[in-house]
């Protein structure tokens, strides 16, 4: 096998593959090259990997196949070699009888030992195939992905995103961690459906595949007949993932029935207030920026904070008071009490309404970051009691997207 490829292209592809598979540094990755065949306009070079969670991914990469064949590497070693040559155009080659692979840039060479184990591809049976516009899938997924769960032990959560298509030809994405639920819908017309209705759950790895590997115009999702596996094809890249069946099928029961309007407010003003609260409470040192966007806004992922919302209306002044404070937790070691952050924002509140509710500040901020325009907040009731139930957030500019957040209890 011998290919020519940009070191940067190889480095990014390895990073994408490792992230999708949640692979370890010592796991095996394989590059395989196919020269032009009859009727083909270009060479085909793919990079493959698999994980202990039974996921398999094959990414098509931009490279020139000088000689057909394959070579295997450890993730850590091939990533270090690609990084060493920075932005140069490198050659990766291995003869069939060789136990090493040579990566070179001009006279400079790096030799990597070939792993002993053989890489096995996955041959899946046929199943139900559904084709979507890639942009539709990505759009609805990005709306809700902030609400997905990473806790596999929590029963009422989705460690990924559930996609549904109904007879109304709306593509819905649903994500929840058991305390907040995000739903986004998009009207579609070009989906190729075998049945009038379609539902599939994409776990974390499959969502990462859509996000980092799908560059074509159409995405095909295959629900295989056995084994609870799904396949995703896009732009020459293929992934097979284990997908638990029957994940959180009753999400509609979490949406409040006929909720009462509490207030309407501007999304940007409230988001800015929450951002200022994080900074004002001095948690900047403990809150790490997004590794993919180190200069971006601070996040509230590690801040254990409560948002107190008090809405009131009278003839002269309608407003919503927001107070952010730290959660009282006796299990934490003693430390100086952090100050509270308080602000008042203009709000349209129904006459006579006075509501005091506490929400997880992280969930509240997550909702505001993906909403635009005027936000309406409504609440259902807990059974026959007067206690407020799930809080429903909807935005004026995107009525097919909403978020449900459960209030905190004393």
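Numbering (our numbering), first residue to last: 114 to 523.
C-beta atoms are modelled at their ideal positions from N, C-alpha and C, and glycine is treated no differently.
Leaving out five residues before and five after residue i in sequence, what residues of the same chain have Cβ atoms less than 6 Å from its Cβ?
{"i": "residue 507", "result": "489, 515"}
{"i": "residue 144", "result": "160, 184"}
{"i": "residue 377", "result": "461, 487, 489"}
{"i": "residue 530", "result": "Nothing about residue 530 can be reported from this structure: the residues present for the chain run from 114 to 523 only."}
{"i": "residue 518", "result": "293, 472, 476, 504"}
{"i": "residue 501", "result": "470, 492, 520"}
{"i": "residue 205", "result": "116, 216"}
{"i": "residue 350", "result": "172, 173, 326"}
Label residue i either buried or exposed according to how many other C-beta atoms from any shown protein chain fall within 10 Å of its C-beta, with 16 as the threshold for buried.
{"i": "residue 118", "result": "buried"}
{"i": "residue 509", "result": "exposed"}
{"i": "residue 213", "result": "exposed"}
{"i": "residue 300", "result": "exposed"}
{"i": "residue 397", "result": "Because residue 397 sits at a pLDDT of 44, beneath the cut-off of 50, its placement in the model cannot be relied upon, and the following sentence gives the value as read from the coordinates. So residue 397 ends up on the exposed side."}
{"i": "residue 224", "result": "exposed"}
{"i": "residue 316", "result": "buried"}
{"i": "residue 347", "result": "buried"}
{"i": "residue 380", "result": "buried"}
{"i": "residue 401", "result": "At residue 401 the pLDDT is 46, less than 50, meaning the model places this residue with poor confidence; the figure from the coordinates comes in the next sentence. Under this definition residue 401 is an exposed residue."}
{"i": "residue 140", "result": "buried"}
{"i": "residue 413", "result": "Low per-residue confidence applies at residue 413: pLDDT is 48, beneath 50, and the placement is therefore not dependable enough to give any value."}
{"i": "residue 467", "result": "exposed"}
{"i": "residue 474", "result": "buried"}
{"i": "residue 480", "result": "buried"}
{"i": "residue 136", "result": "buried"}
Taking 7 Å as the limit between beta carbons, can you name the residues of its chain near residue i, skipping five residues before and five after?
{"i": "residue 322", "result": "133, 170, 345, 352"}
{"i": "residue 198", "result": "120, 218"}
{"i": "residue 407", "result": "In this predicted model, residue 407 has a pLDDT of only 48, less than 50, meaning its place in the structure is not dependable; the value taken from the coordinates is given anyway. Correct list: empty, nothing qualifies."}
{"i": "residue 390", "result": "437, 454"}
Going by alpha carbons, who is nearest to residue i out of the options?
{"i": "residue 424", "options": "239, 228, 477, 458", "result": "458"}
{"i": "residue 175", "options": "147, 167, 188", "result": "147"}
{"i": "residue 243", "options": "179, 376, 333, 433", "result": "333"}
{"i": "residue 167", "options": "221, 255, 357", "result": "357"}
{"i": "residue 386", "options": "368, 374, 437, 337", "result": "437"}
{"i": "residue 193", "options": "263, 354, 128", "result": "128"}
{"i": "residue 306", "options": "221, 277, 292, 338", "result": "277"}
{"i": "residue 392", "options": "337, 453, 339, 343", "result": "453"}
{"i": "residue 240", "options": "483, 343, 350", "result": "343"}
{"i": "residue 264", "options": "282, 272, 186", "result": "272"}
{"i": "residue 494", "options": "222, 142, 162, 367", "result": "367"}
{"i": "residue 524", "options": "163, 203, 207", "result": "The question about residue 524 has no answer, for the chain in this structure spans 114 to 523."}
{"i": "residue 228", "options": "189, 290, 420", "result": "189"}
For residue i versus residue j, is the C-beta distance shorter than 9 Å?
{"i": "residue 341", "j": "residue 310", "result": "no"}
{"i": "residue 252", "j": "residue 275", "result": "no"}
{"i": "residue 418", "j": "residue 388", "result": "no"}
{"i": "residue 372", "j": "residue 491", "result": "yes"}
{"i": "residue 422", "j": "residue 470", "result": "yes"}
{"i": "residue 116", "j": "residue 179", "result": "yes"}
{"i": "residue 250", "j": "residue 284", "result": "yes"}
{"i": "residue 384", "j": "residue 478", "result": "yes"}
{"i": "residue 130", "j": "residue 142", "result": "yes"}
{"i": "residue 269", "j": "residue 291", "result": "yes"}
I think residue i touches residue j, with their Cβ atoms under 8 Å apart; what is that distance to the nearest whole Å?
{"i": "residue 294", "j": "residue 319", "result": "The pair is not a contact, with the Cβ atoms about 20 Å apart (cut-off 8 Å)."}
{"i": "residue 455", "j": "residue 434", "result": "7 Å"}
{"i": "residue 326", "j": "residue 172", "result": "5 Å"}
{"i": "residue 288", "j": "residue 335", "result": "The pair is not a contact, with the Cβ atoms about 22 Å apart (cut-off 8 Å)."}
{"i": "residue 138", "j": "residue 200", "result": "The Cβ separation is near 23 Å, so there is no contact."}
{"i": "residue 374", "j": "residue 463", "result": "6 Å"}
{"i": "residue 286", "j": "residue 254", "result": "5 Å"}
Who are the Cβ neighbours of residue i in its own chain at under 8 Å, not counting the five residues just before and after it?
{"i": "residue 155", "result": "149"}
{"i": "residue 164", "result": "134, 135, 136, 140, 318"}
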